[in-house]
Each structure stands twice: as structure tokens, then as C-alpha cells.
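I have placed the structure first, in the form of C-alpha cells, so that the comments after it can refer back to it.
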Amino acid sequence: MLRIRNVMSYKYDMNETRVDVLRTFRERLALVITDLGGGRTAFAERAGIDRTTLSQLLSSSNRRLPRVETLLAVATASGSSLDWLLGLSGDGPARTEVRREEQALSRHELSAIDASLIGWYQAAAGTKVRYIASTLPDLLKSNAVIRHEVARYATTRPEQKMETAAARLEMARAPGSDLECCNSVQAIEGFARGEDIWATLDPRKRLEQLDRMLELTEELYPRFRWHLYDGRQRYAGAVTIFGLDRALIYLGQLYFQLSSHEHVVALVEHFDDLVRAAVVQPPDVPKQLRRLHTELVEQI
Numbered sequence: 002m003l004r005i006r007n008v009m010s011y012k013y014d015m016n017e018t019r020v021d022v023l024r025t026f027r028e029r030l031a032l033v034i035t036d037l038g039g040g041r042t043a044f045a046e047r048a049g050i051d052r053t054t055l056s057q058l059l060s061s062s063n064r065r066l067p068r069v070e071t072l073l074a075v076a077t078a079s080g081s082s083l084d085w086l087l088g089l090s091g092d093g094p095a096r097t098e099v100r101r102e103e104q105a106l107s108r109h110e111l112s113a114i115d116a117s118l119i120g121w122y123q124a125a126a127g128t129k130v131r132y133i134a135s136t137l138p139d140l141l142k143s144n145a146v147i148r149h150e151v152a153r154y155a156t157t158r159p160e161q162k163m164e165t166a167a168a169r170l171e172m173a174r175a176p177g178s179d180l181e182c183c184n185s186v187q188a189i190e191g192f193a194r195g196e197d198i199w200a201t202l203d204p205r206k207r208l209e210q211l212d213r214m215l216e217l218t219e220e221l222y223p224r225f226r227w228h229l230y231d232g233r234q235r236y237a238g239a240v241t242i243f244g245l246d247r248a249l250i251y252l253g254q255l256y257f258q259l260s261s262h263e264h265v266v267a268l269v270e271h272f273d274d275l276v277r278a279a280v281v282q283p284p285d286v287p288k289q290l291r292r293l294h295t296e297l298v299e300q301i
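For the sequence shown, the numbering used here begins at 2 and goes up steadily by one.
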């Protein structure tokens with residue numbers, strides 16, 4: 002009787018392991034399809050497998066592991082290891098892709114990179130998204146500031162950035178969102194004083210932007226937490242980190258997309274260092290904005 006019970010327990014454990022492997026494979030396959038962009042049809046063509054087969058692999062009702070040749074095709078097409086796809090390794094696909102900023106085909110259509118960015122935000126729901134802004138946080142920008150900032154860009158239109166910013170704000174307002182952002186305190190002060198690219202922006206537009214940032218930081222806290230570090234002590238380029246799955250580094254009309262666990266964790270540690278070094282913590286940011294608002298009013 003004891004022997005039969007042990008055999009039954011072993012079979013149960015094996016079934017549980019199979020379910021775990023299938024679930025991990027399904028989640029990671031969906032992740033790389035989103036990561037590469039283009040959807041299921043494009044990935045099926047890239048991997049050389051039937052679209053129906055791919056749908057079956059992604060189905061939650063599927064109870065069979067794919068054949069070895071199918072696994073190899075998926076691994077090759079996604080640049081992932083078999084160990085990672087099956088959950089035997091947490092390192093992730095060690096892949097870096099270069100994505101170019103580009104104009105959409107029509108005025109009110111998103112570019113491929115903007116559409117991917119919104120998709121990654123949606124996929125990261127329930128996990129922390131970390132964001133180092135190149136100027137001001139996009140979700141806080143007014144349309145006037147976006148238009149001033151990118152009106153002359155050859156690779157994008159203001160309407161694209163407005164729609165992306167609106168989508169980010171909508172996601173930040175969603176229950177359970179967890180968004181953390183860093184800027185240098187000098188970048189915020191430079192905006193308020195009309196320095197650098199903001200020199201030709203109407204002071205009244207800068208005042209409106211300060212009002213908007215003040216209103217939104219108070220509304221969104223603590224789902225959105227904005228840290229200001231001293232740019233004389235730390236340097237940081239623009240990057241968005243989606244959980245521990247991927248990161249996007251912005252280098253000005255070029256994006257470097259990282260999906261290696263090791264690389265993403267290194268960027269998370271860099272971000273956390275900025276948070277620890279912040280000279281203005283999120284609860285105190287509104288006070289900083291009010292001070293800059295008062296100074297600007299006195300100048301106008």
C-alpha cells in the first residue's frame with residue numbers, strides 16, 4: 002500500500018512539474034512575441050512554424066509540450082535559450098536590439114516604437130516600471146510643451162508623443178500601477194528658468210506646465226513617485242525599465258532594447274542608486290514645484 006501511495010505521489014509531482022513548465026513556456030513565448038513586435042503571424046513566419054501551432058502553444062488549455070524541433074525553432078527565432086524558455090534559467094534571452102524613432106504613416110497614428118512602448122507598459126501591469134526622463138516625465142507634459150520640444154524633429158510628430166504621453170498618464174492612474182521616476186533637480190530648475198531648449202518657450206506655457214506637474218504629482222502619489230537627484234553628484238541617461246523583463250535606453254532617435262536579465266538588473270541597481278541619492282523625495286516634490294512657480298511668477 003505504501004509503495005502504491007509513493008508511486009501516486011510521484012506521478013502527481015510529475016504532473017505538477019509539467020503544468021509549471023507549460024505555464025512558464027507559454028508566458029515566456031508570449032513575452033518574446035511582444036518583445037519582437039509584429040504579432041503572432043510575424044513571429045510564426047520568423048520561426049517557420051504554422052500559425053495554428055503557435056496559437057496552440059499560447060493557449061492556456063494546451064497540455065502538451067512542443068516537439069523538440071518546434072522548441073528549437075522558437076528559441077532560434079527569439080534569440081532565447083531553451084533553458085530560459087522552459088523555466089530552467091532566469092537569465093532571459095541575451096539580446097539587444099536597436100530600434101529607430103520614426104514617423105508614423107499618418108498624423109494620428111503611432112509609430113512602431115511608440116506602439117511597442119505602450120504595449121510594454123500594459124504587459125508590465127502589476128510590476129514596477131522605473132523611468133529616467135530625458136527632459137521632463139512624458140506623462141506630466143502638457144501638449145504645448147510636447148509640441149515645443151519635438152516640433153522640429155525629423156523622426157517623429159508631436160501628435161505621436163502626445164498620444165503616448167496620454168497613454169502613460171492613463172496607465173499611471175490605473176489602480177495598482179507602480180511607476181517610479183527620476184530627474185536631476187537641475188533639469189526641473191532649468192525648465193522653470195527657461196534654460197537650454199526651453200529658452201524660446203513662452204514663460205506662461207512654462208508656468209502652466211509647472212501647475213500641471215504640481216497637480217499631477219499630488220494626484221498620482223504614491224502610485225507615481227518622482228525622485229530628484231543632484232546632477233552634480235550623479236549622471237543618468239534616459240531609460241525605461243519594465244519590471245525585470247526588459248529595458249529601453251533612449252539615445253536620441255535611437256532606442257536600445259535590452260531583454261537580458263543580467264542587463265536589466267544592472268539598470269535597476271543604477272536606478273535604485275539614484276533613488277537613494279535623491280535630494281528631493283516624492284512627498285517633497287510639490288513643495289519644490291511651488292517654489293519654482295513662485296519664482297517664475299515674480300519674473301513675468
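Yeah, the Cβ is synthetic: ideal placement off N, Cα and C, and Gly gets one too.
Predicted, not measured: the structure shown is a model, and the values here were computed from it.
Taking a 10 Å sphere around the C-beta of Q123, we find fewer than 16 other C-beta atoms and assign the residue as exposed. Assignment of I198 by DSSP, reduced to helix, strand and coil, places it in the helix class.
For I189, the enclosing alpha helix (DSSP H) begins and ends at V186 to A193. DSSP lists C183 as the beta-bridge partner residues of H228.
Cβ neighbours of R213 within its own chain (closer than 6 Å, five residues either side excluded): S143. Closest in C-alpha terms to W199, from the list S81, A145 and W121, comes A145. Between the stretch 204 to 213 and the stretch 187 to 195, the count of C-beta pairs closer than 8 Å reaches three or more; the two stretches touch. Around the Cβ of Q210, a 10 Å sphere holds 16 or more other Cβ atoms; the residue is buried. Residue pairing for I250: DSSP places it in a beta bridge opposite V240 and F257.
Distance from the Cα of G253 is smallest, within the candidate group G238, V265, I242 and H262, for G238. Taking L89 as reference, the option from R24, I189 and T71 with the minimal CA-CA separation is R24. Residue environment for P138: buried (at least 16 other C-beta atoms within 10 angstroms of its C-beta). Comparing alpha-carbon positions, the option among F272, R52, L221 and L58 lying closest to A134 turns out to be F272. Taking every protein chain shown into account, the CB of I147 has 16 or more other CB atoms within 10 angstroms, so this residue is buried.
In this structure, A31 lies away from A48, with their beta-carbon atoms at least 7 Å apart. Under DSSP, I133 takes part in a beta bridge, and its partners are C183 and V240.
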